[in-house]
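Trainee: Letter 445 of the sequence shown, counting from 1, is numbered 447 in the working numbering, and no numbers are missing. From the three backbone atoms N, C-alpha and C, an ideal C-beta is built for every residue, glycine too. Computed from a predicted structure; not experimentally measured.
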Amino acid sequence: MSGVHPTRSVLDWLREDARCTGTKEGCNEGDCGACTVVIGELSASGEALDLQTVNACIQFLPTLHGKALFTVEDLKGQCGAPKRDPALHDKRPVHPLHPVQQAMADCHGSQCGFCTPGFVMSLWSTYEHHQAQGTQPTRQQLADDLSGNLCRCTGYRPIIDAGQRMFDLPAVRLDTAPVVAALRTLQREGSFDYAAPLGARIDHFHAPRTLDQLAALRMEKPGARILAGSTDVGLWVNKQFRDLGDILFVGDVADMKAVEVRGDAVDGELYIGAGASLERAFAALVARVPSLADVWLRFASPPIRHAGTMGGNVANGSPIGDSPPVLMALDAEIELRQGARVRRMPLADFYLDYMKNQLESGEFVQGIAVPLTAMQRQVRAYKISKRFDCDISALCAGFAIALDEGVVTDVRLAFGGMAATVRRAALAEAALVGKPWTQASVNAARQALAQDFQPLSDMRASAGYRLQVAQNLIQRLWLETRTQDALPTSATSVWSVMPHAVGDAAIREGARA
Ligand SMILES: Cc1cc2nc3c(=O)[nH]c(=O)nc-3n(C[C@H](O)[C@H](O)[C@H](O)COP(=O)(O)OP(=O)(O)OC[C@H]3O[C@@H](n4cnc5c(N)ncnc54)[C@H](O)[C@@H]3O)c2cc1C
Ligand code: FES
Ligand code: FES
Numbered sequence: 003m004s005g006v007h008p009t010r011s012v013l014d015w016l017r018e019d020a021r022c023t024g025t026k027e028g029c030n031e032g033d034c035g036a037c038t039v040v041i042g043e044l045s046a047s048g049e050a051l052d053l054q055t056v057n058a059c060i061q062f063l064p065t066l067h068g069k070a071l072f073t074v075e076d077l078k079g080q081c082g083a084p085k086r087d088p089a090l091h092d093k094r095p096v097h098p099l100h101p102v103q104q105a106m107a108d109c110h111g112s113q114c115g116f117c118t119p120g121f122v123m124s125l126w127s128t129y130e131h132h133q134a135q136g137t138q139p140t141r142q143q144l145a146d147d148l149s150g151n152l153c154r155c156t157g158y159r160p161i162i163d164a165g166q167r168m169f170d171l172p173a174v175r176l177d178t179a180p181v182v183a184a185l186r187t188l189q190r191e192g193s194f195d196y197a198a199p200l201g202a203r204i205d206h207f208h209a210p211r212t213l214d215q216l217a218a219l220r221m222e223k224p225g226a227r228i229l230a231g232s233t234d235v236g237l238w239v240n241k242q243f244r245d246l247g248d249i250l251f252v253g254d255v256a257d258m259k260a261v262e263v264r265g266d267a268v269d270g271e272l273y274i275g276a277g278a279s280l281e282r283a284f285a286a287l288v289a290r291v292p293s294l295a296d297v298w299l300r301f302a303s304p305p306i307r308h309a310g311t312m313g314g315n316v317a318n319g320s321p322i323g324d325s326p327p328v329l330m331a332l333d334a335e336i337e338l339r340q341g342a343r344v345r346r347m348p349l350a351d352f353y354l355d356y357m358k359n360q361l362e363s364g365e366f367v368q369g370i371a372v373p374l375t376a377m378q379r380q381v382r383a384y385k386i387s388k389r390f391d392c393d394i395s396a397l398c399a400g401f402a403i404a405l406d407e408g409v410v411t412d413v414r415l416a417f418g419g420m421a422a423t424v425r426r427a428a429l430a431e432a433a434l435v436g437k438p439w440t441q442a443s444v445n446a447a448r449q450a451l452a453q454d455f456q457p458l459s460d461m462r463a464s465a466g467y468r469l470q471v472a473q474n475l476i477q478r479l480w481l482e483t484r485t486q487d488a489l490p491t492s493a494t495s496v497w498s499v500m501p502h503a504v505g506d507a508a509i510r511e512g513a514r515a
């Protein structure tokens with residue numbers, strides 16, 4: 003690769019330079035899945051290949067350095083030599099279809115076909131994953147895996163049928179050994195630096211490998227744009243035509259991808275490196291707090307969660323970001339690094355105003371720490387959006403409550419979508435602490451919430467709707483956690499009383515457990 007600007011998307015490169023036009027462009031903003039491709043990376047052990055779907059339209063080409071890219075064209079060679087079909091009028095040899103493609107054809111999973119390569123790549127990733135485990139997905143798991151792929155003609159039932167049918171056909175597995183061997187030869191110790199002109203200017207792309215390299219580069223170039231999963235930044239380029247200048251890519255810094263428990267059960271924490279994917283970060287949280295499963299599976303889509311990071315979600319600081327309310331409810335701290343200095347602060351203190359935070363020049367987010375003790379409270383997270391899957395929140399709430407003999411000893415009520423930043427509802431919390439966990443206390447907290455927030459009206463929701471729903475969510479928390487007759491989430495979620503539409507909440511939680 004040379005002369006290609008660092009922000010050239012993988013999709014544009016595929017279609018316009020490599021002439022691999024199987025991958026389609028729909029929305030060009032990560033929403034429709036027409037551009038779904040699969041990225042292969044060496045596993046932590048260096049012995050295996052990890053495959054993950056991403057949206058090619060919002061990934062920048064240099065971020066692929068040292069990785070394998072699989073597109074729909076790559077399925078062709080996996081199923082043997084081309085054959086002639088005597089039944090066909092056209093006697094030219096045709097490639098046998100991969101089981102994923104054959105199942106789509108058998109189940110009538112395609113009509114105009116525009117979305118089909120994207121669906122096929124998502125299904126192929128599911129297929130490889132389950133073949134490796136010796137398992138098969140449920141229909142709900144298939145629906146979750148396909149939640150980032152839109153089809154305007156076929157309807158999803160035949161596509162999910164295909165997702166099951168593909169396992170009934172003779173198996174075809176990717177031969178990963180040559181890919182692993184090739185990727186090993188591309189491993190490097192030092193930073194990957196790339197430069198290309200934009201008019202009279204030269205733009206640089208730096209991909210350090212270690213935290214120290216990143217910290218040094220950040221001090222040297224405090225004006226460079228930090229790039230993680232590019233699920234926000236990619237849209238700035240595609241939709242707002244923003245000029246990023248130099249880029250500091252954090253996705254190759256192995257130490258920043260750690261997701262691990264540090265310390266013991268009393269003082270310990272779940273540490274989430276800022277470069278860990280949203281998928282891994284939420285999986286670790288949900289393993290300890292299963293009630294967060296709904297927010298996890300409804301955060302964007304699998305391709306976005308594979309590329310996007312929790313560090314990016316927190317650093318971006320959108321008032322409607324879904325991780326910050328959850329993390330604030332869990333008393334998370336944010337870890338910041340500037341040169342050799344590392345400092346921490348409660349995430350609740352990090353945001354100053356709309357898209358303004360405490361980051362200083364030359365500083366970056368290194369990680370997020372969630373105290374293990376905070377996970378022992380009763381925790382809930384509720385996402386309110388117009389669409390169930392892959393939609394931005396109108397509001398999102400993260401709640402945690404501790405009771406002692408029916409009295410509230412500790413409570414966190416954090417909201418996104420209610421103010422210029424995600425923040426806790428100080429007055430509503432104060433109305434509950436030390437009070438019995440009763441309907442009367444809940445009513446007082448709901449009233450106090452109207453003093454905590456004066457939300458805005460926008461295209462997602464009106465101010466009145468936001469406040470009413472936020473107050474209702476406190477009621478819902480009470481219904482689910484009251485000391486007598488607490489209701490299961492299946493009785494309080496509108497989605498779970500419509501299992502035919504989206505699946506039962508309990509099934510969703512169980513699906514990933
Ligand atoms: C289709 C689609 C659906 C989405 N759905 C949701 C959703 O449901 N909920 C939601 O909350 N968000 C959603 N998003 C937004 C986005 O996915 C998240 O904000 C994501 O977590 C951003 O992470 P990233 O790694 O992609 O960040 P990037 O796009 O790479 O960066 C985002 C910002 O953070 C900065 N940054 C990144 N890492 C660091 C760091 N370590 N230190 C300092 N600064 C840093 C970057 O400079 C940039 O300003 C969606 C986006 C798309 C495209
Ligand atoms: S083109 Fe729609 S997700 Fe990429
Ligand atoms: S088959 Fe036409 S959009 Fe899916």
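#1: In three-state terms, what does DSSP make of C81?
#2: Quick one, which of L479, I161, D92, A402 has its alpha-carbon nearest V122's?
#3: How far does the beta strand (DSSP E) with E262 in it extend, from its first residue to its last?
#4: According to the Cβ coordinates, are G275 and A230 closer than 8 Å?
#5: Kindly indicate which three-state DSSP category D412 falls into: helix, strand or coil?
#6: Please report how far the alpha carbon of V40 lies from the alpha carbon of D177, in whole angstroms.
#7: Between the region 375-386 and the region 307-318, do at least 3 Cβ pairs fall closer than 8 Å?
#8: Check whether the region 47-66 and the region 5-21 touch, using three or more Cβ-Cβ pairs below 8 Å as the test.
#9: Closest to V96 by CA distance: which of Q104, T156, V102, K85 is it?
#10: Using a strict less-than 7 Å threshold between each residue's beta carbon and the heavy atoms of ligand 3, what residues do you get?
#11: Kindly indicate which three-state DSSP category G39 falls into: helix, strand or coil?
#12: How big is the Cα-Cα spacing for E18 and G42?
#13: Could you check which residue in L216, A302, I386 has the C-alpha nearest to that of E365?
#14: May I ask you to check if the CB of E337 is nearer than 7 Å to at least one heavy atom of ligand 5?
#15: Following a CB-centred definition, is G24 positioned closer than 7 Å to any heavy atom of ligand 2?
#16: By the 10 Å Cβ neighbour count, where 16 or more other Cβ atoms means buried, how is A83 classified, buried or exposed?
#17: Check whether the Cβ of S395 lies closer than 7 Å to any heavy atom of ligand 1, and answer yes or no.
#18: Do A376 and P327 have their CB atoms nearer than 8 Å?
#19: DSSP beta-bridge partners for D205?
#20: With H, G and I counted as helix, E and B as strand and the rest as coil, what does DSSP make of V174?
#21: To the nearest angstrom, how far is the alpha carbon of P348 from that of E337?
#22: Following a CB-centred definition, is A36 positioned closer than 7 Å to any heavy atom of ligand 2?
#23: With 16 other CB atoms within 10 Å as the buried threshold, where does H91 fall?
#24: Going by the DSSP bridge assignment, what does A402 pair with across the sheet?
#25: Assuming G275 is part of the beta strand (DSSP E), what are its boundary residues?
#26: Would the C-beta of G247 count as close to ligand 2, meaning under 7 Å from any of its heavy atoms?
#27: Within a Cβ cutoff of 7 Å, which residues of the same chain sit near A202, ignoring the five residues on either side of it in sequence?
#28: Going by DSSP, name the residue or residues bridged to G369.
#29: For my contact list, L434 and A447 are in at a C-beta cut-off of 8 Å; report their separation, rounded to the angstrom.
#30: Tell me where the beta strand (DSSP E) around P348 begins and ends.
#31: Taking 7 Å as the cut-off, is the beta-carbon of V328 closer than that to any non-hydrogen atom of ligand 1?
#32: Can you give the Cα-Cα distance for V409 and L374, rounded to whole angstroms?
#33: Any contact between the region 13-27 and the region 69-76? By contact I mean 3 or more CB pairs, one from each, below 8 Å.
#34: Using the beta-carbon count (16 or more within 10 Å), is P172 buried or exposed?
#35: Would you say the beta carbon of I274 comes nearer than 7 Å to a heavy atom of ligand 1?
#36: If I follow the unbroken beta strand (DSSP E) through D603, where does it start and stop?
Mentor: The short version:
#1: Taking the sequence shown and counting its residues from 1, one reaches residue 81 at position 79. If DSSP states are grouped into helix, strand and coil, C81 belongs with the helices.
#2: For the purposes of this step, residue 122 is taken as residue 120 along the sequence shown, with counting starting at 1. Ranking the options by Cα distance to V122, first place goes to I161.
#3: Working through the sequence shown from its first residue, we reach residue 262 at position 260. Per DSSP, E262 belongs to the beta strand (DSSP E) from 261-264.
#4: The residue given as residue 275 occupies position 273 in the sequence shown. The residue given as residue 230 occupies position 228 in the sequence shown. Using a Cβ distance threshold of 8 Å, G275 and A230 do not count as a contacting pair.
#5: One-based indexing of the sequence shown puts residue 412 at position 410. It is a strand residue.
#6: Walking along the sequence shown from the start, residue 40 turns up at place 38. Walking along the sequence shown from the start, residue 177 turns up at place 175. Our two residues, V40 and D177, have alpha carbons roughly 15 Å apart in a direct line.
#7: With the cut-off at 8 Å, the region 375-386 and the region 307-318 do not touch.
#8: Contact holds between the region 47-66 and the region 5-21, because three or more Cβ pairs, one in each stretch, are under 8 Å apart.
#9: Position 94 of the sequence shown holds residue 96. The closest CA to that of V96, considering only Q104, T156, V102, K85, is found on K85.
#10: Any residue whose Cβ sits closer than 7 Å to a heavy atom of ligand 3 makes the list: S112, Q113, C114, G115, F116, C117, T118, C153, R154, C155, T156.
#11: Along the sequence shown, one-based indexing puts residue 39 at 37. Inspection of the sequence shows that residue 39 is occupied by Val rather than by Gly. For V39, the three-state secondary structure derived from DSSP is strand.
#12: The count along the sequence shown starts at 1 and reaches residue 18 at position 16. The count along the sequence shown starts at 1 and reaches residue 42 at position 40. Distance between the alpha carbons of E18 and G42 is about 22 Å.
#13: If you number the sequence shown from 1, residue 365 lands on position 363. Comparing alpha carbon positions, the residue from L216, A302, I386 closest to E365 is L216.
#14: Among the ligands present in this structure, namely ligand 1, ligand 2 and ligand 3, ligand 5 is not found.
#15: Against the sequence shown, residue 24 aligns to sequence position 22. Flag unset: Cβ of G24 not near ligand 2.
#16: Indexing the sequence shown from 1 puts residue 83 at position 81. By the neighbour-count rule (16 or more Cβ atoms within 10 Å), A83 is not buried but exposed.
#17: Mapped onto the sequence shown, residue 395 falls at position 393. Yes - ligand 1 has a heavy atom lying nearer than 7 Å to the Cβ of S395.
#18: Taking the sequence shown and counting its residues from 1, one reaches residue 376 at position 374. Taking the sequence shown and counting its residues from 1, one reaches residue 327 at position 325. For the pair A376 and P327, the CB atoms are not nearer than the 8 Å cut-off.
#19: If you number the sequence shown from 1, residue 205 lands on position 203. According to DSSP, D205 bridges with A198.
#20: For the purposes of this step, residue 174 is taken as the residue at position 172 of the sequence shown. It is coil, neither helix nor strand.
#21: Here residue 348 refers to the residue found at position 346 when the sequence shown is read from its first residue. Here residue 337 refers to the residue found at position 335 when the sequence shown is read from its first residue. Per the coordinates, the alpha-carbon of P348 lies some 9 Å from the alpha-carbon of E337.
#22: For this step, residue 36 is matched to residue 34 along the sequence shown. Result yes, Cβ under 7 Å from ligand 2.
#23: Against the sequence shown, residue 91 aligns to sequence position 89. Exposed.
#24: As a first step, residue 402 must be located in the sequence shown, where it is residue number 400. Paired residue(s): V381, R414.
#25: As a position in the sequence shown, residue 275 is number 273, starting the count at 1. Element bounds for G275: 271-275.
#26: Walking along the sequence shown from the start, residue 247 turns up at place 245. Closer than 7 Å to some heavy atom of ligand 2: that does not describe the Cβ of G247.
#27: Taking the sequence shown and counting its residues from 1, one reaches residue 202 at position 200. Only residues of its own chain outside the window of five on either side were considered, and among them none has a CB closer than 7 Å to the CB of A202.
#28: Against the sequence shown, residue 369 aligns to sequence position 367. Beta-bridge analysis with DSSP links G369 to G275, E337.
#29: Counted from its first residue, the sequence shown places residue 434 at position 432. Counted from its first residue, the sequence shown places residue 447 at position 445. 5 Å between Cβ atoms; contact.
#30: Here residue 348 refers to the residue found at position 346 of the sequence shown. It spans 343-348 - the beta strand (DSSP E) in which P348 sits, taken as one unbroken run.
#31: Your numbering for residue 328 matches position 326 in the sequence shown. Checking the Cβ of V328 against ligand 1 gives no.
#32: On the sequence shown, residue 409 is found 407 positions in, with the first residue counted as 1. On the sequence shown, residue 374 is found 372 positions in, with the first residue counted as 1. V409 and L374 have their C-alpha atoms roughly 22 Å apart.
#33: Yes, the region 13-27 is in contact with the region 69-76.
#34: Counting from 1 along the sequence shown, the entry for residue 172 is found at position 170. By the neighbour-count rule (16 or more Cβ atoms within 10 Å), P172 is not buried but exposed.
#35: The residue given as residue 274 occupies position 272 in the sequence shown. Checking every heavy atom of ligand 1 against the Cβ of I274, none is found closer than 7 Å.
#36: Residue coverage of the chain in this structure runs from 3 to 515, which leaves residue 603 outside it and unanswerable.
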